[in-house]
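Trainee: The sequence shown lines up with residues 157 to 559 when you count with my numbering.
Note that beta-carbon positions come from the ideal geometry of N, C-alpha and C, so glycine has one too.
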Amino acid sequence: MQFITNNSFCFQFDIVSAYHHVNIFMPHTEFLGFSWRHENTEKWYKFLVLPFGLSSACYIFTKITRPLIKKWRGEGKQVLMYLDDGLGTHTDEETCKTMSNQVRQDLIQSGFVPKNEKSKWSPMKLLVFLGYSIDTNRGTITIPNERVQKVLKTIADVEYYVSKHGKVHARLVASLVGQIVSMSYVIGNVAYIMSKHLSIDILSMTSWNSCIVLSTESLIQIKFWRENLEHAFQSDLLELPDTLIEKIHLLPDLLTESKSNNTVQNYYYGFLRWKKWALSNGISSEFILPAKPIHVAIYLACLVQQNRTPSPINQAFYSIRWAHKIISVISPTDSDLVKNILEGAKRRLSVPIKKKEPITPDMLSQMFDSSMSFTISSIRSICGIWYMRPIRSICGIWYMRRH
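#1: Is the beta carbon of Tyr238 closer than 9 Å to that of Leu286?
#2: Would you report the Cα separation of Ala501 and Asn365, rounded to the nearest angstrom?
#3: Three or more C-beta pairs closer than 8 Å, one from the region 369-379 and one from the region 286-303: is that the case here?
#4: Take Gln305 as the anchor and find which of Ser275, Val324, Met339 has the nearest alpha-carbon.
#5: Count the other CB atoms, across all protein chains shown, that sit within 10 Å of the CB of Trp192; report buried if there are 16 or more and exposed otherwise.
#6: Of the choices Trp478, Val420, Gln168, whose alpha-carbon is the least far from that of Trp277?
#7: Could you give the distance in angstroms between the alpha-carbon of Ile264 and the alpha-carbon of Asn196?
#8: So which of Ser319, Glu383, Phe217, Gln471 has the shortest CA-CA distance to Asn179?
#9: Three-state secondary structure (DSSP) at Asn272?
#10: Mind the definition here: the region 466-484 touches the region 416-425 only if three or more C-beta pairs lie below 8 Å; say whether that holds.
#11: Decide yes or no for the touch test of the region 288-296 against the region 313-332: beta carbon pairs closer than 8 Å, at least 3 of them.
#12: From which residue to which residue does the alpha helix (DSSP H) around Val329 run?
#13: Is the beta carbon of Ile297 sitting closer than 9 Å to the one on Val342?
#14: Within 10 angstroms of its Cβ, does Met255 collect 16 or more other Cβ (buried), or is it exposed?
#15: Would you report the Cα separation of Thr362 and Lys448, rounded to the nearest angstrom?
#16: Buried or exposed for Arg558, going by 16 or more other Cβ atoms inside 10 Å?
#17: If you follow the beta strand (DSSP E) that Phe167 is part of, which residue opens it and which one closes it?
#18: Specify the secondary structure class of Ile550 as computed by DSSP and reduced to three states.
#19: With a CB to CB cut of under 7 Å and the five nearest residues on each side skipped, what residues in its chain are close to His246?
#20: Can you tell me whether Leu332 is buried or exposed? The criterion is at least 16 other CB atoms within 10 Å of its CB, across all chains shown.
#21: Applying the criterion that 16 or more other CB atoms from any shown protein chain within 10 Å of the CB defines a buried residue, is Thr221 buried or exposed?
#22: Give a yes or no on contact between the region 427-441 and the region 344-360, applying the rule of three or more CB pairs nearer than 8 Å.
#23: Please confirm if the region 482-491 is in contact with the region 424-437, defined as three or more CB-CB distances below 8 Å between the two stretches.
#24: Would you identify the three-state DSSP class for Tyr175, choosing helix, strand or coil?
#25: Taking only heavy atoms of the ligand FMN into account, decide whether any of them is closer than 8 Å to the Cβ of Ser441.
#26: Less than 9 Å between the beta carbons of Lys323 and Ile368, yes or no?
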């Protein structure tokens, strides 16, 4: 996907029965045999071409298409393939059109047959590839609503079987997990995290036809997706008209200018330190921004152990606060837990202020008695110098002797 840029033009192609273009070495076909019962008669068949159900088929077909990818990229063409699906892109429309014609010709000459129904050879800026909606005008990659509704329907089926029978087929749960994980490119690692217990339940079964009694954690994860899946793809940015999308670039500079350059720089590096600490301590990237209050509280507590002044803790607190406020999300620094940790850090690391002791009449009498003559100027100087701590401790008599 790194080939796709804003306002670039794309074309896509699909190969008809891609695996069936690969013949199996005849002596090896006996290892790909299977039986099929029809009208009380069992017959045996064997695959003469690469079957779709073979576990190594994906690896084999990918290796077969690598020479084509190597040729195209060697010619400077930005083309990618995932099994039988391919995509090409270029910033210039005419160049993209020429490129698509050459790629189509190369596929045909290699013995592959492009599927007319799915292949789109004319340059375009809006397409669906590998289940993702790509809009180069807006610069966005989203999940089509059809896929979201399919996941919600699968969730409804799972919950129906659980409520009615108390268990559900492993195959249906595996289908749900597969649909969720396939969205990870858009929704991030939460797709893996919030399907972990479902995967554990699936792996505990010995057959796809087995029935699973879902654990409490799995039911919680199913509820999470039912309540949050649709909201995950709602974005104010996607709802903007094209005329306003073009003005989005005006926002970043103004946001960074909301504070002085030095302040922004200090906050930025402070936030990077928090990010580095979080990743090194096993916190998922999705919980860095926005961050959880408990994580930030532990981070500040660790800083207290490493520093002797409250300044680094203050900087970390306000750096994290700045990063959240600038993108208009709830900051963990608004939590009472984090605020109390900050106050505790200040109390522990702050150096108490020692106020100057006021000059007393006895001190003045002692100074006057130590000398024979004084002027108004010298008296004023003595009183002023007496507030200077070093001189008060050791230089009081010296001052008198020098005057």
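Mentor: In this structure, then:
#1: yes
#2: 57 Å
#3: no
#4: Met339
#5: exposed
#6: Gln168
#7: 43 Å
#8: Phe217
#9: coil
#10: yes
#11: no
#12: 326-337
#13: yes
#14: buried
#15: 38 Å
#16: Residue confidence is low: Arg558 scores 45 on pLDDT, short of 50, so the model does not pin down where it sits. Its coordinate-derived value is still stated next. Under this definition Arg558 is an exposed residue.
#17: 165-170
#18: Low confidence applies here, because Ile550 scores a pLDDT of 47, under 50, leaving its location unreliable and the question unanswered by this model.
#19: Ser164, Phe165, Gln234, Cys252, Met255
#20: buried
#21: buried
#22: yes
#23: no
#24: helix
#25: Among the components of this structure there are no ligands whatsoever, and the ligand FMN is therefore not found.
#26: yes
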